[in-house]
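Residue numbers (the working numbering): 4 to 261.
Glycine residues also receive a C-beta, built at the ideal position from the N, C-alpha and C atoms.
Owing to the predicted nature of the structure, the values given are computational and were not obtained by experimental measurement.
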Amino acid sequence: MGNRIKDKVAIVTGGAGGIGSATGTVFCEEGGKVVLVDRDGVALDDAAARIRDTVPGATVLTVIADVANEISAADIAAKTLDGFGRIDVLVNNAGIRSYSPLAEASAQSWQEILGVNLLSYAFMSKAVIPAMRASRQGSIINISSTYAVTGRPSMGQYDATKAAILALTRTLAFEETPNGIRANAVCPGFTLTPFHVAKAQANGQSAEDLRTADIDGCLMRRWADPREVAYPILWLASDEASYITASTLMVDGGRPVV
Ligand SMILES: NC(=O)c1ccc[n+]([C@@H]2O[C@H](COP(=O)([O-])OP(=O)(O)OC[C@H]3O[C@@H](n4cnc5c(N)ncnc54)[C@H](O)[C@@H]3O)[C@@H](O)[C@H]2O)c1
């Protein structure tokens with residue numbers, strides 16, 4: 004076990020999911036105290052139990068909440084401060100997908116995806132900024148996607164939210180750098196999370212099929228393990244990245260060059 008973020012207090016939204024739980028695990032392995040937030044209480048308990056099992060002495064608090072709700076965001080920040088007295092890191096990671104072509108996308112699905120993938124990032128940032136400003140330091144890491152900067156059919160709603168996250172991140176950096184707060188975005192590529200495994204299984208493929216698949220969309224020709232995305236997030240959370248702000252970090256196995 005290391006100490007790259009020793010005693011830093013980190014909130015991770017979507018903490019029950021693939022990248023979120025891997026981030027929580029890596030943070031605990033490196034001495035952080037983690038608040039995992041998710042609206043899926045069962046998956047959240049499972050994720051926290053797995054972390055406690057694999058990382059001896061891990062400090063994990065769980066909060067069941069819908070982060071698309073501004074009041075929930077304020078409540079999560081308050082619970083974190085009650086539990087740990089400080090907030091050093093926010094990883095905005097909760098996300099949902101929508102597969103409607105834009106010509107068919109409903110107002111309701113727009114509202115849902117904007118609420119989770121964009122507004123929650125804004126609400127959570129707003130909720131933690133006062134505590135970060137008070138300690139004159141903090142790191143906000145917004146999980147976007149490679150599709151923020153490239154195109155494809157049928158996921159326009161998702162891709163639009165991911166592009167908006169990059170603009171949100173830049174503005175946060177402009178506004179909060181004078182207060183000691185860094186803001187950066189991470190754009191994962193193909194990451195083998197339970198979401199993708201379940202989707203593949205519904206189409207008759209196994210997790211092993213995916214793990215061994217030859218992916219022609221990136222130089223690495225394979226999926227990332229969620230920990231391979233969690234480590235760059237850890238780096239941005241740590242003081243090792245003290246001069247990094249307003250950046251967009253592609254964690255994509257070399258997608259733009261293929
Ligand atoms: N897996 C990939 O290939 C990939 C690629 C690029 C970007 N991303 C992004 O990374 C992030 C995590 O992806 P993942 O694959 O781990 O997803 P996932 O589906 O495994 O996890 C997402 C988590 O967010 C939670 N969530 C959804 N809406 C919520 C809400 N309103 N309030 C609280 N929690 C909520 C879900 O319950 C789930 O546990 C997402 O933002 C996703 O868009 C993933």
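query	result
Specify, as a first and last residue, the run of the alpha helix (DSSP H) that residue 74 falls within.	73 to 87
Among 39, 48, 57, 47, which residue has its Cα nearest to the Cα of residue 32?	57
Going by beta-carbon coordinates alone, are residue 124 and residue 175 separated by less than 7 Å?	no
Spatial neighbours of residue 235 within its chain, please: C-beta separation below 7 Å, excluding the five flanking residues on both sides.	189, 252, 254
Using a 10 Å radius around the Cβ and a threshold of 16 neighbouring Cβ atoms, would you call residue 191 buried or exposed?	buried
Is it buried or exposed, residue 38, if we count other Cβ atoms within 10 angstroms and call 16 or more buried?	buried
Which term fits residue 145, buried or exposed, when burial requires 16 or more other beta carbons within 10 angstroms of its beta carbon?	buried
Where are the alpha helix (DSSP H) runs, 4 residues long or more, that stay fully inside the stretch 114 to 152, in chain order?	123 to 138
Using a Cβ-Cβ cutoff of less than 7 Å, which residues in the same chain neighbour residue 80 once the five nearest sequence positions on both sides are dropped?	90, 130, 131, 134
If we require 4 or more residues per run, which alpha helix (DSSP H) segments fall completely within the stretch 23 to 81?	44 to 57
Sorry if obvious, but does the Cβ on residue 101 come closer than 6 Å to a heavy atom of ligand 1?	no
Out of 181, 186, 225, 173, which one is the CA nearest neighbour of residue 193?	225
Short of 7 Å in beta carbon distance, which residues of its chain neighbour residue 160, apart from the five on each side in sequence? Order them along the chain.	101, 103, 108, 112, 113, 116
So residue 147 and residue 93 are in contact, right, with Cβ under 8 Å, and what is the actual spacing, rounded?	Not really, about 15 Å apart at Cβ, beyond 8 Å.
Taking the beta carbon of residue 209 as the centre, do at least 16 other beta carbons fall within 10 Å, making it buried, or is it exposed?	exposed
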